[in-house]
Amino acid sequence: MTGAPVVPDVSALLRGDFHVHSTFSDDAVSTLAENIAAAKAAGLARLRLNDHVRASTTWVPEFVAAVAAEPVPAGLTVVTGVETKLLDVSGAVDIPADLVVGRGGVDAIVIGDHQFPGTDGPWSPQATRDRIAAGLSADDALDLLVTASIRAMERTPHAQLAHWFSILPKVGLDEAELGADRLAAWAQAAAATGTVVEVNEKWECPGADAIVALHRAGARIVASTDSHIATDVGRYDRVTALLTEAAGKIATEDEDEQ
Numbered sequence: 000m001t002g003a004p005v006v007p008d009v010s011a012l013l014r015g016d017f018h019v020h021s022t023f024s025d026d027a028v029s030t031l032a033e034n035i036a037a038a039k040a041a042g043l044a045r046l047r048l049n050d051h052v053r054a055s056t057t058w059v060p061e062f063v064a065a066v067a068a069e070p071v072p073a074g075l076t077v078v079t080g081v082e083t084k085l086l087d088v089s090g091a092v093d094i095p096a097d098l099v100v101g102r103g104g105v106d107a108i109v110i111g112d113h114q115f116p117g118t119d120g121p122w123s124p125q126a127t128r129d130r131i132a133a134g135l136s137a138d139d140a141l142d143l144l145v146t147a148s149i150r151a152m153e154r155t156p157h158a159q160l161a162h163w164f165s166i167l168p169k170v171g172l173d174e175a176e177l178g179a180d181r182l183a184a185w186a187q188a189a190a191a192t193g194t195v196v197e198v199n200e201k202w203e204c205p206g207a208d209a210i211v212a213l214h215r216a217g218a219r220i221v222a223s224t225d226s227h228i229a230t231d232v233g234r235y236d237r238v239t240a241l242l243t244e245a246a247g248k249i250a251t252e253d254e255d256e257q
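Structure (structure tokens):
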């Protein structure tokens with residue numbers, strides 16, 4: 000007999016929110032200061048302030064300076080990120096050419112699967128559905144997504160995956176179709192590259208099987224709300240359920256193996 004199963008510490012994970020938008024994003028309503036205050040009120044220990052960019056974005060230095068100027072309450076660690084989209088199967092992402100990541104810049108590039116990573120650029124959900132209807136098999140589509148995901152992690156230092164696999168239901172596919180082999184390859188790439196993977200409240204993903212694969216691979220998992228208003232910061236329901244389900248699966252599997 001070995002010791003007790005090692006499972007994710009759900010309560011510790013819920014003390015972080017690694018995806019919080021401010022008015023630097025054009026679809027959010029709360030300021031940096033309001034988000035920081037909300038994180039403190041929610042009892043969080045870690046917060047990632049994270050706003051949308053594309054190749055044409057010019058305000059990142061202003062964002063970094065604004066975050067640095069905000070007072071941070073004792074007991075709270077604040078880090079930064081910029082959220083961009085995965086572009087294609089090569090793993091390219093839509094970021095400014097002069098983006099500084101690390102010392103003097105943002106702490107992470109947060110990659111979102113906002114569109115499907117096609118062979119010739121990002122495909123909209125409808126364009127992807129049309130290709131599937133025209134003969135692109137579900138397996139081939141899923142292989143494209145996982146290949147693009149792995150390549151993006153390999154070519155993007157300091158990466159975090161945002162709401163990963165949220166694109167699948169939009170194109171008529173299901174995360175359950177990924178299967179153990181694809182999830183294992185994806186999770187192992189996250190661990191090998193040091194990529195952070197968030198479990199996202201807004202989009203309720205990735206699912207428990209993906210979380211289990213990440214945990215088995217030794218990848219770093221964090222919780223996020225994807226909040227666009229301060230009242231949502233650190234407020235979890237779906238994430239709690241997903242992490243708890245995953246922890247239960249891990250504990251059961253480990254007990255069965257003993």
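Under numbering that gives the first Met the number 0, think of the first position of the sequence shown as 0, with each following residue one higher.
Where is the CB? At the ideal position from N, CA and C, for every residue including glycine.
Being a predicted model, the structure only gives us computed values, none of them experimental.
Taking the straight line between their C-alpha atoms, what separation do you get for Met0 and Glu252?
At Met0 the pLDDT is 35, less than 50, meaning the model places this residue with poor confidence; the figure from the coordinates comes in the next sentence. In this model, Met0 and Glu252 are separated by some 14 Å (Cα to Cα).
Here's a check: name, in chain order, each residue in its chain whose Cβ is nearer than 7 Å to the Cβ of Ala65, leaving out the five neighbours to either side.
The residues are Leu31.
From Val105, Ala147 and Arg102, residue whose alpha carbon lies closest to that of Asp119:
Across the set Val105, Ala147 and Arg102, the C-alpha of Ala147 shows the shortest separation from the C-alpha of Asp119.
Are the Cβ atoms of Asp79 and Val92 separated by less than 7 Å?
Note that residue 79 is Thr in the sequence shown here, rather than Asp. The Cβ atoms of Thr79 and Val92 do not sit closer than 7 Å to each other.
C-alpha gap between Trp58 and Pro121, whole angstroms
Using only the alpha carbons, I get a separation of about 24 Å.
Going along the chain, which unbroken runs of the alpha helix (DSSP H) with 4 or more residues stay wholly within the region 10-73?
Runs of the alpha helix (DSSP H) spanning 4 or more residues and lying entirely within the region 10-73 occur at 31-40 and 59-68, in chain order.
Closer than 7 Å by C-beta to Arg259: which residues in its own chain qualify, once you throw out the five before and the five after it? Chain order, please.
What is shown of the chain runs 0 to 257, which leaves residue 259 out entirely.
Thinking C-alpha only, which one of Ala179, Asp25 and Lys39 is nearest Gly74?
Ranked by Cα distance from Gly74, the first of Ala179, Asp25 and Lys39 is Lys39.
What residue from Glu69, Pro156 and Asp87 has the CA that sits closest to Gly101's CA?
Per the C-alpha coordinates, the member of Glu69, Pro156 and Asp87 positioned closest to Gly101 is Pro156.
Taking the beta carbon of Asp97 as the centre, do at least 16 other beta carbons fall within 10 Å, making it buried, or is it exposed?
Exposed.
Val88 by DSSP, collapsed to three states: which one?
The answer is coil: DSSP assigns Val88 none of H, G, I, E or B.
Spatially closest choice to Gly90 from Asp208, Ala246, Cys204 and Trp185, by CA coordinates:
Considering only alpha carbons, the answer is Trp185.
Using the beta-carbon count (16 or more within 10 Å), is Val238 buried or exposed?
Burial call: buried.
Bridge partner(s) assigned by DSSP for Val105:
In the DSSP output, where bridge partners are listed per residue, Val105 has Val100.
Using a Cβ-Cβ cutoff of less than 6 Å, which residues in the same chain neighbour Ile166 once the five nearest sequence positions on both sides are dropped?
Excluding residues within five positions, the ones whose Cβ falls inside 6 Å are Asp112 and Phe115.
Arg14 and Ala44: beta carbons closer than 7 Å?
The Cβ atoms of Arg14 and Ala44 lie closer than 7 Å to each other.
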